[in-house]
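Take any residue in the sequence shown, count from 1 to its spot, add 129: that is its number in the working numbering.
Report on the structure given below.
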Amino acid sequence: MSEPRQRADVGTFEEICAAATRTTGLTDFGFDDEPGHEQAFRLLVEDLGSAEAGLTGTGNYFMRSQVKSALVARLMTQARFAEFPQHAEVAIERPIFVLGLPRTGTTALSRLLCADPHHQGLEMWLTEFPQPRPPRESWEQDPVFSAIQGAFAEHHVSNPEFMGIHYSDAGEPEECWRVLRQTGKSLGFESLAHIPAYSAWLAEQEWTDAYQRHRQNLQLIGLNDQDQRWVLKNPSHLIALDALMEVYPDALVVMTQRDPVTSVASACSLSAEATAGHSTTFVGETLGQDQLGHLTRQWQSFWQARPRYDERQFFDVDYRAFVQDPVGTVGAIYDAFDLTWSEDAQAAVRRLDEESRKGPRRPSHSYDLADYGLSEEQVHRAFDR
130 MSEPRQRADV
140 GTFEEICAAA
150 TRTTGLTDFG
160 FDDEPGHEQA
170 FRLLVEDLGS
180 AEAGLTGTGN
190 YFMRSQVKSA
200 LVARLMTQAR
210 FAEFPQHAEV
220 AIERPIFVLG
230 LPRTGTTALS
240 RLLCADPHHQ
250 GLEMWLTEFP
260 QPRPPRESWE
270 QDPVFSAIQG
280 AFAEHHVSNP
290 EFMGIHYSDA
300 GEPEECWRVL
310 RQTGKSLGFE
320 SLAHIPAYSA
330 WLAEQEWTDA
340 YQRHRQNLQL
350 IGLNDQDQRW
360 VLKNPSHLIA
370 LDALMEVYPD
380 ALVVMTQRDP
390 VTSVASACSL
400 SAEATAGHST
410 TFVGETLGQD
420 QLGHLTRQWQ
430 SFWQARPRYD
440 ERQFFDVDYR
450 AFVQDPVGTV
460 GAIYDAFDLT
470 WSEDAQAAVR
480 RLDEESRKGP
490 RRPSHSYDLA
500 DYGLSEEQVH
510 RAFDR
């Protein structure tokens with residue numbers, strides 16, 4: 130196994146932009162039309178370079194790569210917007226958004242919903258390199274897809290514990306934060322570093338501009354599949370329900386629920402595993418307090434906003450019921466939203482459910498709140514509405 134790459138610092142915003150330009154050969158970030166997004170990236174990079182973040186050489190390299198990846202995706206998206214102007218006319222009707230705290234079944238449930246041949250999800254590789262989705266049979270011959278898939282295969286071998294926490298595949302639906310991070314507004318950055326100044330700024334932001342770009346990306350990626358309903362998933366949609374409903378007023382929202390103790394402990398464990406050796410500050414109790422604060426803010430924001438909308442657009446899923454009957458849960462969602470629960474859809478969902486119970490996708494994860502200076506009582510108190 131090769132040694133982790135290191136850097137003396139994260140670098141400046143301008144330096145990372147220049148690196149993204151060298152990688153792509155593109156120069157239009159689209160910041161002239163969306164200046165707030167540039168501000169977000171500048172604040173993020175500044176905070177990553179602060180003593181508060183406490184990044185090590187490995188952490189500097191990793192977080193710089195995260196910012197650069199977001200800027201590369203933004204550059205490529207801007208180029209594709211210009212190449213395919215017809216994307217702006219693509220309709221997105223009654224998309225399904227699966228949201229909930231971590232480890233409440235959002236990933237498994239969204240993938241089952243995506244199994245329906247009349248649905249489409251946001252595949253990992255297309256969040257990294259946005260473009261109109263090519264025919265599925267051509268993906269293995271695409272050098273970009275192959276490179277991303279190869280990187281995941283290597284990561285799964287070298288990090289089996291992380292694979293048990295969150296299995297990833299270039300061709301499978303992934304979380305929306307990978308698209309939202311093009312805007313510089315993403316809770317994903319907070320889960321990878323202790324960046325209190327950026328977090329405080331983000332907590333005060335309005336998210337509509339981020340979701341407008343999110344919609345543009347869906348229009349672009351789904352250009353060749355306009356007859357398929359979108360199924361999207363991201364726990365952090367909790368914090369932006371107002372923006373989500375403004376940009377997608379006919380959205381169908383599936384909310385998964387479970388004891389928050391499990392969610393917080395798992396989120397801490399996931400962040401710790403993903404950032405091991407990256408920081409002298411984003412560890413132990415500091416990591417625990419960060420994650421508890423982020424998750425409770427999302428939770429409270431969602432429940433404050435939800436009463437403003439038509440309750441018929443929402444469906445609540447209890448985690449225990451979902452685990453006991455995944456296919457039946459999917460069928461209940463179809464019934465609640467008056468969707469067509471066809472024989473093809475039922476068969477596809479059953480096949481994927483059976484496959485998910487074996488092999489590398491089988492969940493395997495252990496965690497303990499005490500490792501992060503938290504107690505069950507503290508978590509329950511924080512989530513008490």
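Ideal placement from N, C-alpha and C gives every residue a C-beta, glycine not left out.
- Taking the CA atoms as reference points, residue 319 sits about 24 Å from residue 376.
- Residue 204 sits close to residue 153, with the two beta carbons spaced by under 7 Å.
- The continuous beta strand (DSSP E) containing residue 444 extends over residues 443–447.
- Per the coordinates, the alpha-carbon of residue 499 lies some 51 Å from the alpha-carbon of residue 218.
- For the set 425, 452, 236, 407, the Cα lying nearest the Cα of residue 187 is the one of 407.
- By the neighbour-count definition (other C-beta atoms within 10 Å, threshold 16), residue 432 is an exposed residue.
- Separation of residue 242 and residue 298 (C-alpha to C-alpha, rounded to the nearest whole angstrom) is 17 Å.
- Per DSSP, residue 229 is one residue of the beta strand (DSSP E) stretching across 225–229.
- Remark: C-beta atoms of residue 350 and residue 262 approach each other more closely than 7 Å.
- Taking the CA atoms as reference points, residue 222 sits about 35 Å from residue 403.
- The alpha carbon of residue 448 has as its nearest neighbour, out of 440, 459, 439, the alpha carbon of 459.
- By the neighbour-count definition (other C-beta atoms within 10 Å, threshold 16), residue 304 is a buried residue.
- Note on geometry: alpha-carbon atoms of residue 390 and residue 417 lie some 12 Å from one another.
- Rounded to the nearest whole angstrom, the CA to CA distance from residue 364 to residue 383 is 11 Å.
- At the C-beta level, residue 228 and residue 347 stay beyond 7 Å of one another.
- Within the stretch 346–382, the complete beta strand (DSSP E) runs of at least 3 residues fall at 358–362.
- In the three-state DSSP reduction, residue 179 falls in the coil class, being neither helix nor strand.
- Here residue 207 is buried: its Cβ has 16 or more other Cβ atoms, across all protein chains shown, within 10 Å.
- Given a length threshold of 3 residues, the stretch 197–222 has no whole run of the beta strand (DSSP E) inside it.
- At a Cβ-Cβ threshold of 7 Å, residue 237 and residue 477 do not count as neighbours.
- Between residue 339 and residue 309, the C-beta gap is smaller than 7 Å, which places the two residues in contact.
- Setting aside the 5 residues that flank it on each side, residue 315 is surrounded in the same chain by 306, 309, each with a C-beta closer than 7 Å to its C-beta; the list follows chain order.
- By the C-beta criterion, the stretch 156–169 is judged not to be in contact with the stretch 131–140, since fewer than 3 inter-stretch pairs fall below 8 Å.
- When DSSP states are grouped into helix, strand and coil, residue 187 belongs to the helix group.
- In this structure, the beta-carbon distance from residue 381 to residue 442 falls below 7 Å.
- Taking all protein chains in view, the Cβ of residue 453 is surrounded by fewer than 16 other Cβ atoms within 10 Å, so the residue is classified as exposed.
- Secondary-structure assignment with DSSP links residue 320 through no beta bridge to anything.
- Sequence-distant Cβ neighbours of residue 512 in its own chain, meaning closer than 7 Å and more than five residues away, are 389, 425, 428.
- Counting along the chain, residue 418 sits inside the alpha helix (DSSP H) bounded by residues 413–434.
- DSSP, reduced to helix, strand and coil, places residue 504 outside both helices and strands of the structure shown, so it counts as coil.
- Rounded to whole angstroms, the separation of the alpha carbons of residue 202 and residue 369 is 22 Å.
- When DSSP states are grouped into helix, strand and coil, residue 410 belongs to the coil group.
- In the three-state scheme derived from DSSP, where H, G and I count as helix and E and B as strand, residue 252 is classed as strand.
- The straight-line gap separating the alpha-carbon atoms of residue 487 and residue 474 is approximately 21 Å.
- Between residue 301 and residue 266, the beta carbon gap of about 16 Å keeps them out of contact (Cβ cut-off 8 Å).
- Contact annotation: residue 479 and residue 446 have beta-carbon atoms that are not nearer than 7 Å.
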